[in-house]
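Only one structure is covered here, and it is reproduced in the block below.
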Amino acid sequence: MSFNTLFSNATRLPSIPHIIQELIESFDDPDADIDKISAKIAQEPVLTTKLLRVANSAHYGLPRQVSSVQDASIIMGFPAVRTLVMASGMVDSLEMPPALDKRCFWINAFEVAGCAKWLCKFRKGLDANTAFTAGLIHTIGQLLMYSAEPEKANEVQIKVASGQERLTAEREVFGYDNCEVGAELAKRWKFPDVINSGLRFQNNPKKATPASVTAALIYLAKHVVDMHKDHPTKDEILASLPSEIKDNPPVDLNEMVSALDTVDDFSGGIGSLLE
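Its first residue numbered 25, the sequence shown is counted upward by one per residue in the working numbering.
Shown next as C-alpha cells:
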C-alpha cells in the first residue's frame with residue numbers, strides 16, 4: 025500500500041474525540057476560550073477523573089488537592105491540563121494494532137514526552153508543553169500503518185526482534201516509515217506546524233528546513249530515555265550522543281547530564297492513565 029493510498033480512505037484514519045480535536049486546535053489560537061474548553065472537559069467524566077488522579081499524584085507536587093478541571097487549570101495552567109487530557113483521550117480512543125503491545129507503546133510515549141518536557145529546563149524560551157505533546161505522539165504513525173496492513177506490521181516486528189532498526193525495517197517493508205506517517209496524520213488532525221515538523225524530522229533534525237528545535241528535542245529525548253535505563257555515567261552519555269545533537273544541541277548538555285541523577289522515571293504520574 026502506497027503512502028498516498030494509506031491516507032486516501034478517510035474511514036481508515038484513526039479518530040479522536042471532539043474535545044481532543046478542540047484542544048489540538050487551541051494550540052494555534054491565542055483567543056481560545058479556556059474557560060469554555062475547561063467546561064467541556066468537565067462534561068467528560070472519564071477524562072476528568074483521570075486528569076484529577078494524575079494532577080493530584082505525588083509527581084506534580086501541587087500545593088493543594090485539585091477537585092475540578094477549572095481548579096486544575098488555575099493551579100497547573102491550561103497548557104499542562106491540555107497535555108494531560110490529550111494523553112488520556114488518545115490512550116482511550118486510539119485502537120492498538122495486534123502487532124503492538126498497548127502498555128509498552130504508551131509507556132514509551134509517556135517516557136519520551138516526559139523527557140522532552142524535562143529537557144526544556146536546560147534552555148530558556150522552550151515550550152515544555154509543546155515538547156511534551158510532540159513526544160507523546162512521536163510514534164503515532166505506527167497505529168495507522170500497522171492497523172492498515174497487519175501482515176507487514178508482523179514482518180517489521182520480526183525484523184526488529186532480530187536486531188534491525190525499526191525505521192529501516194519499516195522502509196524496507198512499507199516503503200515509508202512511521203515518522204512520515206505520523207507527521208501527515210498530525211497535519212490532518214490540525215496540530216501546529218512546529219509539532220508536525222518535529223515528528224517528520226525527529227530522527228534527522230539536520231534535515232529540517234527551517235530548523236526544528238522540537239525535532240531535536242524528540243531525538244535527544246529518545247536517546248536519553250533509552251540510555252537512562254542502563255544507568256550510564258555522565259561521560260558515557262555525552263560520548264554516546266549522536267553528531268546531530270553534539271553539533272547543534274537543543275539544550276545545555278552539561279547541565280542536562282548533571283541533572284539526570286535526580287530522575288527515576290520520565291513518565292512520572294501519567295503512567296496511571298493506562299489504569
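Note that beta-carbon positions come from the ideal geometry of N, C-alpha and C, so glycine has one too.
The model shown is predicted, which means the values in this text are computed figures rather than measured ones.
Cβ-Cβ distance between residue i and residue j below 8 Å
| i | j | result |
| --- | --- | --- |
| Leu30 | Val205 | yes |
| Gln226 | Cys203 | yes |
| Ala140 | Leu265 | no |
| Phe102 | Met280 | no |
| Ala245 | Val136 | yes |
| Ala104 | Asn153 | yes |
| Val269 | Tyr243 | Note on identity: in this sequence residue 269 is Ile, with Val being the wrong assignment. Yes, these two residues count as a Cβ contact at 8 Å. |
| Gly295 | Phe134 | yes |
| Lys253 | Ser282 | no |
| Glu119 | Pro38 | yes |
| Ile131 | Ser291 | yes |
| Gly138 | Ile44 | no |
| Lys214 | Glu68 | no |
| Trp142 | Val249 | no |
Nearest-angstrom beta carbon gap, residue j and residue i [assumed within contact, 8 Å]
| i | j | result |
| --- | --- | --- |
| Ser117 | Pro41 | 6 Å |
| Ala177 | Pro121 | 6 Å |
| Glu179 | Val197 | 5 Å |
| Leu160 | Ala111 | 6 Å |
| Leu297 | Val78 | 7 Å |
| Ala158 | Leu223 | 7 Å |
| Leu124 | Gln166 | 7 Å |
Where the alpha helix (DSSP H) through residue i begins and ends
| i | result |
| --- | --- |
| Asn153 | 152–160 |
| Gly113 | 102–117 |
| Phe27 | 27–32 |
| Ser221 | 217–224 |
| Ser264 | 258–264 |
| Asn319 | The chain is shown from 25 up to 299; residue 319 falls before or after that span and cannot be answered. |
| Glu194 | 190–197 |
| Tyr170 | 165–172 |
Same chain only: Cβ atoms within 8 Å of residue i, ignoring 5 sequence neighbours per side
| i | result |
| --- | --- |
| Glu46 | Ile61, Lys64 |
| Arg36 | Leu30, Leu168, Ser171, Ala172 |
Residues near residue i in its chain [Cβ-Cβ closer than 7 Å; skip 5 each side]
| i | result |
| --- | --- |
| Met25 | Ala172, Glu173 |
| Pro216 | Phe51, Asp52 |
| Thr72 | Ile65, Ala66, Val93 |
| Thr192 | none |
| Ser236 | Ser221, Gly222, Phe225, Pro229 |
Chain-order list of residues whose beta-carbon lies under 6 Å from that of residue i (same chain, five-residue window excluded)
| i | result |
| --- | --- |
| Ile99 | Leu86, Val90 |
| Ala56 | Ser50 |
| Arg190 | Val184 |
| Arg106 | Leu47 |
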